[in-house]
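Working notes, beginning with the structure itself.
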Amino acid sequence: MRTRDYLEGLTQLHRLSDPEERRGVWRQSLATLGATIVNLQHPAPLEGLDPDDLLRSVEQASADRLLEDLDWLPGPFAAASLYEFAAALPPGSAKRDLGRLVFRRLHSGNAATFVALATRLALGRARVLSGPGVRARVALALDLPIGTGARADSLAYALISSTELRDEWLLRPAMGSLPSRRLAARLIERAAREAAQRAADGDPSGVLVFRTPEVSRAWQRLLDDRESLVWRHVASARGLLSGALPEFEEQIHQHLAPNLSVTEWRRAAASLAASITVQPESALSACHRLLASDLVEKDKGLPSALMLGLPRAAEREPEAVEELLELLVREGSLSVAEVLLDLRRERLGEDFAAWAAQRARVQLREALAADDRIDEGKAALMIAVANELGERQADAAGSLPQMVADALSAFAEESPVVAARMAQDILTATEERISKLEDCDLGERIGRQTAFLALRELDAALLSTDGLVNLLVLQRRSEAEEEADTRRTLGDIFQRLTNWLVIHEGEPMAAGDDSTQFTLRIRRLQSFLHLVDADGQQVEPREHLLRARRVLTTRVLLTRLQQDHGRGLRRALCAASARAMDALVREEVAEISDVVLFAGDFGANTDDIRSISEASMMPEVERALDAYEVLERATESLDRVDRVLLAVDAMSKLATDLPVACSPRVEALRGALSRLARGLGGALRCDSLSELAERSTDTPLGDLEDYVVDLAQLVAGARRRLSMLDVEEPYSVATLRLMDVRVQRVIRSGPEPLDEEAEAFVEAAQHDFPHAIARVLGAAVRYIARLPDDAPRSSRPSLLTVSKKVVKMPAWMPPSRTLGGFYVTDTIGNGAGGSVFAAKRSGERHTAQAELFALKVPDYSGAAARTLSEAEFLRLFREEAGALLALPDHANIARFVTFDAGARPKPILVMELVEGPNIERLLETNDLSMARSLSLLEGVAAGLEAMHAIGVGHLDVKPSNIIVRQGALGEESPVLVDFGLAGRHMRPGCGTAEYGAPEVWGALPSDAAPPVDVYAFCCMAFELITNLCLFNADTEIGMIGAHVEHDGVPEGIQQLTRFDETKRFARLLQAGLRRQPSQRASMAQIRAGLAEVRDELGGLPWPLVLAG
72 MRTRDYLEGL
82 TQLHRLSDPE
92 ERRGVWRQSL
102 ATLGATIVNL
112 QHPAPLEGLD
122 PDDLLRSVEQ
132 ASADRLLEDL
142 DWLPGPFAAA
152 SLYEFAAALP
162 PGSAKRDLGR
172 LVFRRLHSGN
182 AATFVALATR
192 LALGRARVLS
202 GPGVRARVAL
212 ALDLPIGTGA
222 RADSLAYALI
232 SSTELRDEWL
242 LRPAMGSLPS
252 RRLAARLIER
262 AAREAAQRAA
272 DGDPSGVLVF
282 RTPEVSRAWQ
292 RLLDDRESLV
302 WRHVASARGL
312 LSGALPEFEE
322 QIHQHLAPNL
332 SVTEWRRAAA
342 SLAASITVQP
352 ESALSACHRL
362 LASDLVEKDK
372 GLPSALMLGL
382 PRAAEREPEA
392 VEELLELLVR
402 EGSLSVAEVL
412 LDLRRERLGE
422 DFAAWAAQRA
432 RVQLREALAA
442 DDRIDEGKAA
452 LMIAVANELG
462 ERQADAAGSL
472 PQMVADALSA
482 FAEESPVVAA
492 RMAQDILTAT
502 EERISKLEDC
512 DLGERIGRQT
522 AFLALRELDA
532 ALLSTDGLVN
542 LLVLQRRSEA
552 EEEADTRRTL
562 GDIFQRLTNW
572 LVIHEGEPMA
582 AGDDSTQFTL
592 RIRRLQSFLH
602 LVDADGQQVE
612 PREHLLRARR
622 VLTTRVLLTR
632 LQQDHGRGLR
642 RALCAASARA
652 MDALVREEVA
662 EISDVVLFAG
672 DFGANTDDIR
682 SISEASMMPE
692 VERALDAYEV
702 LERATESLDR
712 VDRVLLAVDA
722 MSKLATDLPV
732 ACSPRVEALR
742 GALSRLARGL
752 GGALRCDSLS
762 ELAERSTDTP
772 LGDLEDYVVD
782 LAQLVAGARR
792 RLSMLDVEEP
802 YSVATLRLMD
812 VRVQRVIRSG
822 PEPLDEEAEA
832 FVEAAQHDFP
842 HAIARVLGAA
852 VRYIARLPDD
862 APRSSRPSLL
872 TVSKKVVKMP
882 AWMPPSRTLG
892 GFYVTDTIGN
902 GAGGSVFAAK
912 RSGERHTAQA
922 ELFALKVPDY
932 SGAAARTLSE
942 AEFLRLFREE
952 AGALLALPDH
962 ANIARFVTFD
972 AGARPKPILV
982 MELVEGPNIE
992 RLLETNDLSM
1002 ARSLSLLEGV
1012 AAGLEAMHAI
1022 GVGHLDVKPS
1032 NIIVRQGALG
1042 EESPVLVDFG
1052 LAGRHMRPGC
1062 GTAEYGAPEV
1072 WGALPSDAAP
1082 PVDVYAFCCM
1092 AFELITNLCL
1102 FNADTEIGMI
1112 GAHVEHDGVP
1122 EGIQQLTRFD
1132 ETKRFARLLQ
1142 AGLRRQPSQR
1152 ASMAQIRAGL
1162 AEVRDELGGL
1172 PWPLVLAG
């Protein structure tokens, strides 16, 4: 009979009256259905059969209790048949009941049963293939030795072919941890074997999935992986597909060209060996030619790399592989013996490669006898591999890797329950190995070798593969509490192993320390790398411990990278650091911006940055680090300005190559680097300090100060996230501010050397920033220090693209930049309670010579939030700003233009734009004398007196709000500006900490405006005479507390009373600083008092020194 005839029996059960006949037809039809699905891989065997007849047959089978007795049928047949039967039924209770049976088998069946069901699900109900239990079973199925016979090829092919599943199972794992990448690589290898088989059977379409862009990108990333545990599988896949995809065959031979690197050679050799599967004779001959070529002399690891591709070939062509093995083991290489051990673990038969194993074992013994055993790790490794290749099966059976292999076999041949129980025994044995490791005395040779072998065992069973973790997940749902305990135990094991490796592998090495114990140290460092790569939420349920562990390992590895002088381990150390930082990003402990800054901080040179980039598994991190490497290389020689400009261009490129819209901190770093690059580029195009000042929005170096502050804060934040103990507040800003003051003095008074200030900044920058950025900043500041005070402007070409000045506006600013009837042209700064912009009348926006105005917009900020809601703040602004209509026309008050309470999105206050330096800048540059200070104070007092006469207070009197305007004849007058807080009533919380009266901070119940100005004026007057703030505190809160708590005679005023020349001035200030607002002197009294003390103070030196 035809297969279809047997399958149609599933529609006839309800028509048969004899129970035995129904039983026979049921078994015959179900067995045929199972074989059709599992063996023939028919995608829809029940298509075309009547669903209603199938339903009635299922109901009859259920009544006969036939569904309860399926033990006679192979597990995969039974599971796949039930699934297909359920899929063909119409919706209803019978379909749901059958579905429950299916999913019971999905979780309780052995590997073959699971694979059969999961393959059907991947082709249909893909969303079911999720959750830790299913994921663990898929990973275990892909990890099974070839000899177990449970083939997951069709499942793997379905997973990478489905656009719905591809991202979860291939694309994201290809950029993840070592276990994830290894799973993705094995998935590709198994899928390639399925596609190659389909091509051999006459269906060439199966290989096309490997040409899709998504799969191609993941393929290349995994093939480029630095771990042989990963790339060997993709290399094998390339060999398996070389018969169906000619470009792969061509690529294999091209990558064996003598002018390429070890990386291409080794992967191509593995691919060549795997291609024996599809082209036995030609590929075997090519392998022989390769082993006889000069490449083997250039790369001693090439034979062992070739062996990595043999497992799939051995399955199909065992005789050809054994012939090749005879040639490979002749040299007695330890690396060949290790790979031979892996090949034997594929369980291809008791006698497979037995001769080669015996030959390798004898050679290892002979080599060990002749070895001086100075390299203790190498000696211990040779003994262990020889034992594992030989007859000592009792030792092998008790090893952790063998126990994991036996549990995998239990999953394949028995059930997940049995495998999970065995996994619990392995967990206990793993704890014992950790204790053994911890007890080793590393001061003795035997202790070092015992620790080496224990760590090797732990690495192979726990770190290089997630087999044990997946086996532990197989526990039944009823054992949820036990599962939680298991995960905690697993987390404790990772914690103990981390502690041991941090202690014994965290110390930097001196030059030459790695030469005698290379094997021991490199294997220990590789285990450290595998540890940071394998650790994660799948093994540690306690998030705080995992986070602390991640930060600790990253900090230890980076610190060692920074201080280590051992040359042989450098690349491995870079790789471990890269994987540790990948893990920080993957688990959201740090961000890509942090990784860039860490690499720049701890990497010694471009080689380190390149090695870290190559080892990173995250494309965004790799791209950003590649850009930082370009910057690092550009800073190697900065002896000419054109080279400094190239470095600045590289900094700009780094900003561009950071991922877009990734996170606030990444965006902040991009913006900081971009602004800094523009600022440095502009400064480096200047021919003189005067030109530099003209290009700046404020002081000559004011823009650079802002950019340096932004970047320094980001660097400090990143260092704190790494829990570095020596993170200090950046002090490069202070040194740049000092240089800015000196630059202004040079522009004003004539040439003087700036080298000392420049070198102070260079030293500070080296502390505050990663190496390459610090070098660019230092070179640019040294260039500025050498500029003349003035010189003709040149039109020399720049290596940077000259761009218009970028004016950064707040997010609320309309795209038109029109507020009320004014067009905003630039930002001026932030004052108390608002932002200040330069603006023109809208109708004159295109007129170059149009009058500019100062336009202030209220900003609800921290100071106002102490006592007011945003709505209350804006309401008071509208109410109080109306009082400015009465401002008099006065030489010491900026002219009021208009107030528009209805402007959108915010109300605006428009005043005259006064040009000139503010008093704060004069104080910073020491550009004052006693007579000039007193003259400025009298002018400010006159302006405030005029305001108070109409009942209006300025309410934010401070040096930065007073501009010194130069008259046509050189005369100067101080002008009060920034009237954002001005009004008839004081707004609680709205003020500046250094000058705010007690009532501003809510200490006293008063809203009178004039006393607030008097208090602030007296604070400022003390500062103009002494160049010191009246109160000093480390924080804003401390400053406010000083204002609130003083008794009316602050310490600075008391010191003034000690000198005859300043006693009257001290009493004058004291009258304006009284705690009670009603008891303070008026502005008219203060102004009159200043006139009286002018002669006493005018002859004193400035600034007045209080000490002594």
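Throughout, the working numbering is defined as the position within the sequence shown, counted from one, plus 71. Glycine included, every Cβ here is placed at the ideal spot set by N, Cα and C.
Inset, instruction - Tell me whether Pro868 is buried or exposed, calling it buried when 16 or more other Cβ atoms sit within 10 Å of its Cβ. - result: In the sequence shown, the residue the question calls residue 868 occupies position 797. Any reading at Pro868 must be qualified, since the residue scores a pLDDT of 46, below 50, and its modelled position is unreliable; no value is offered.
Legend entry - Glu1043, DSSP secondary structure in three states: Against the sequence shown, residue 1043 aligns to sequence position 972. Looking at Glu1043 - three-state DSSP - the assignment turns out to be strand.
Inset, instruction - Would you decide whether Trp883 is buried or exposed? Buried here means 16 or more other CB atoms lie within 10 Å of its CB. - result: Your numbering for residue 883 matches position 812 in the sequence shown. Its Cβ having fewer than 16 others within 10 Å, Trp883 is exposed.
Inset, instruction - Verify whether the separation of the beta carbon atoms of Ile323 and Ser353 is less than 8 angstroms. - result: As a working mapping, residue 323 is identified with position 252 in the sequence shown. As a working mapping, residue 353 is identified with position 282 in the sequence shown. Not closer than 8 angstroms, so no.
Legend entry - DSSP state of Glu79 mapped onto helix, strand, coil: For the purposes of this step, residue 79 is taken as the residue at position 8 of the sequence shown. Glu79 carries a helical assignment under DSSP once its states are collapsed to helix, strand and coil.
Inset, instruction - Return the residue from the list Asp140, Phe423, Ile680 that minimises the CA-CA distance to Leu395. - result: Locating residue 395 in the sequence shown gives position 324, counting from the first residue. Residue nearest to Leu395 within the set Asp140, Phe423, Ile680 is Phe423 (criterion: CA-CA distance).
Inset, instruction - State yes or no: is the C-beta of Ala262 within less than 8 angstroms of the C-beta of Ile217? - result: In the sequence shown, the residue the question calls residue 262 occupies position 191. In the sequence shown, the residue the question calls residue 217 occupies position 146. No. Outside cutoff.
Legend entry - Unbroken alpha helix (DSSP H) run spanning Gly1143, endpoints: The residue given as residue 1143 occupies position 1072 in the sequence shown. Residue range 1134 to 1143 is occupied by the alpha helix (DSSP H) that includes Gly1143.
Inset, instruction - Assign Arg912 to one of three DSSP states: helix, strand, or coil. - result: For the purposes of this step, residue 912 is taken as residue 841 along the sequence shown, with counting starting at 1. When secondary structure is reduced to three states using DSSP, Arg912 falls in the strand class.
Legend entry - Under the three-state DSSP convention, the category His326 falls into: By 1-based counting over the sequence shown, the position of residue 326 is 255. Coil at His326, not helix or strand.
Legend entry - CA nearest to the CA of Arg594, picked from Val610, Asp530, Leu545, Glu285: Residue numbering aside, residue 594 sits at position 523 when the sequence shown is read from its first letter. A check of alpha carbon separations from Arg594 across Val610, Asp530, Leu545, Glu285 identifies Asp530 as the nearest.
Legend entry - Cut-off 8 angstroms between Cβ atoms - residues of its own chain near Leu526, not counting five sequence neighbours on either side: Along the sequence shown, one-based indexing puts residue 526 at 455. Here the set comprises Leu508, Arg594, Arg595, Ser598.
Inset, instruction - Return helix, strand or coil for Ser307, following the three-state DSSP convention. - result: Walking along the sequence shown from the start, residue 307 turns up at place 236. The answer is helix: DSSP assigns Ser307 an H, G or I state.
Inset, instruction - Pick helix, strand or coil for Asp1166, following the three-state DSSP scheme. - result: Here residue 1166 refers to the residue found at position 1095 when the sequence shown is read from its first residue. Residue state, collapsed to three classes: helix.
Legend entry - Three-state secondary structure (DSSP) of Val540: Within the sequence shown, numbered from 1, the residue matching residue 540 stands at position 469. Reduced to three states, the DSSP call for Val540 is helix.
Legend entry - Span of the alpha helix (DSSP H), counted from its first residue to its last, around Tyr1108: Counting from 1 along the sequence shown, the entry for residue 1108 is found at position 1037. Before going on, a small fix: residue 1108 reads as Ile here, not Tyr. Element bounds for Ile1108: 1107 to 1116.
Legend entry - Distance between Pro161 and Thr82 (C-alpha atoms, nearest Å): Taking the sequence shown and counting its residues from 1, the one referred to as residue 82 is at position 11. Taking the sequence shown and counting its residues from 1, the one referred to as residue 161 is at position 90. Just so you know, the alpha carbons of Thr82 and Pro161 end up roughly 14 angstroms apart.
Inset, instruction - State the start and end residues of the unbroken alpha helix (DSSP H) segment that holds Asp758. - result: Position 687 of the sequence shown holds residue 758. Boundaries cannot be given for Asp758, as no alpha helix (DSSP H) includes it and DSSP labels it neither H nor E.
Legend entry - Straight-line Cα distance separating Arg303 from Arg252: Taking the first residue of the sequence shown as position 1, residue 252 is located at position 181. Taking the first residue of the sequence shown as position 1, residue 303 is located at position 232. Cα-Cα distance, rounded: 12 angstroms.
Legend entry - Euclidean distance between Cα positions of Gln99 and Ala115: For this step, residue 99 is matched to residue 28 along the sequence shown. For this step, residue 115 is matched to residue 44 along the sequence shown. So the alpha carbons of these two residues sit roughly 18 angstroms apart.
Inset, instruction - Return the bridge partner residues of Gly1054 from the DSSP annotation. - result: In the sequence shown, residue 1054 corresponds to position 983, counting from 1. Per DSSP, the beta-bridge partners of Gly1054 are Gly1024.
Legend entry - Proximal residues to Glu703 (C-beta, below 6 angstroms), its chain only, five neighbours per side dropped: The residue you call residue 703 lines up with position 632 of the sequence shown. Taking Glu703 as the centre and dropping the five residues before and after it, the same chain places the C-beta of Thr677, Ile680, Ala843 closer than 6 angstroms to its C-beta, in chain order.
Legend entry - Reference His326; option with closest CA among Ala339, Met493, Pro317, Ala315: On the sequence shown, residue 326 is found 255 positions in, with the first residue counted as 1. Each of Ala339, Met493, Pro317, Ala315 was checked against the Cα of His326, and the nearest Cα belongs to Ala339.
Inset, instruction - Might you give, ordered along the chain, the residues of its own chain that have their beta carbon closer than 7 angstroms to the beta carbon of Glu1016, omitting 5 neighbours on each side? - result: Taking the sequence shown and counting its residues from 1, one reaches residue 1016 at position 945. Only residues of its own chain outside the window of five on either side were considered, and among them Met1154, Ala1155, Arg1158 have a CB closer than 7 angstroms to the CB of Glu1016, listed in chain order.
Inset, instruction - Compute the Euclidean distance between the alpha carbons of Gly31 and Glu239, then round it to the nearest angstrom. - result: Residue coverage of the chain in this structure runs from 72 to 1179, which leaves residue 31 outside it and unanswerable.
Legend entry - Ser664 versus Met689: straight-line alpha-carbon distance, rounded: Position 593 of the sequence shown, counted from the start, is the residue given in the question as residue 664. Position 618 of the sequence shown, counted from the start, is the residue given in the question as residue 689. Here the alpha carbons of Met689 and Ser664 stand approximately 13 angstroms from one another.
Legend entry - Separation of Glu614 from Asp635, as counted between CA atoms: Start at 1 with the first residue of the sequence shown, and residue 635 comes out as number 564. Start at 1 with the first residue of the sequence shown, and residue 614 comes out as number 543. C-alpha of Asp635 to C-alpha of Glu614: approximately 31 angstroms in a straight line.
Legend entry - Counted within 10 angstroms of its Cβ, other Cβ atoms place Val731 as buried (16 or more) or exposed: For the purposes of this step, residue 731 is taken as residue 660 along the sequence shown, with counting starting at 1. With fewer than 16 Cβ atoms within 10 Å of its Cβ, Val731 is classed as exposed.
Legend entry - Distance CB(Ser152)-CB(Ser486) smaller than 8 angstroms: For the purposes of this step, residue 152 is taken as residue 81 along the sequence shown, with counting starting at 1. For the purposes of this step, residue 486 is taken as residue 415 along the sequence shown, with counting starting at 1. No; because the gap between Cβ atoms is not below 8 angstroms, this pair is not in contact.
Inset, instruction - Per DSSP, which residues does Pro1076 bridge with? Please list them. - result: The residue labelled residue 1076 in the question sits at position 1005 within the sequence shown. According to DSSP, Pro1076 bridges with nothing at all.
Inset, instruction - Please check the pair Met982 and Gly1024, which I expect to be a contact at CB under 8 angstroms, by giving their CB distance rounded to whole angstroms. - result: Residue mapping note: residue 982 aligns to position 911 of the sequence shown, counting from 1. Residue mapping note: residue 1024 aligns to position 953 of the sequence shown, counting from 1. The pair is not a contact, with the Cβ atoms about 16 angstroms apart (cut-off 8 angstroms).
Inset, instruction - Return the residue from the list Val814, Gly750, Leu709, Ala229 that minimises the CA-CA distance to Ser761. - result: For the purposes of this step, residue 761 is taken as residue 690 along the sequence shown, with counting starting at 1. Nearest to Ser761 by alpha-carbon distance, out of Val814, Gly750, Leu709, Ala229, is Val814.
Inset, instruction - Under 6 angstroms Cβ to Cβ from Pro147, same chain only, skipping five residues before and after it: list those, please. - result: Within the sequence shown, numbered from 1, the residue matching residue 147 stands at position 76. So the qualifying residues of the chain are Val109, Ala183, Thr184, Ala187.
Legend entry - Contiguous alpha helix (DSSP H) assignments of at least 4 residues, all confined to the segment 615 to 653: You should have found no qualifying run.
Inset, instruction - Would you please state the rounded distance, in angstroms, between the beta carbons of Ala267 and Leu312? I believe it to be under 8 angstroms. - result: Mapped onto the sequence shown, residue 267 falls at position 196. Mapped onto the sequence shown, residue 312 falls at position 241. Right, their Cβ atoms sit about 6 angstroms apart.
Legend entry - From Val544, Leu460, Ala450, residue whose alpha carbon lies closest to that of Ala210: Locating residue 210 in the sequence shown gives position 139, where the first residue counts as 1. Nearest in C-alpha terms to Ala210, of all of Val544, Leu460, Ala450, is Val544.
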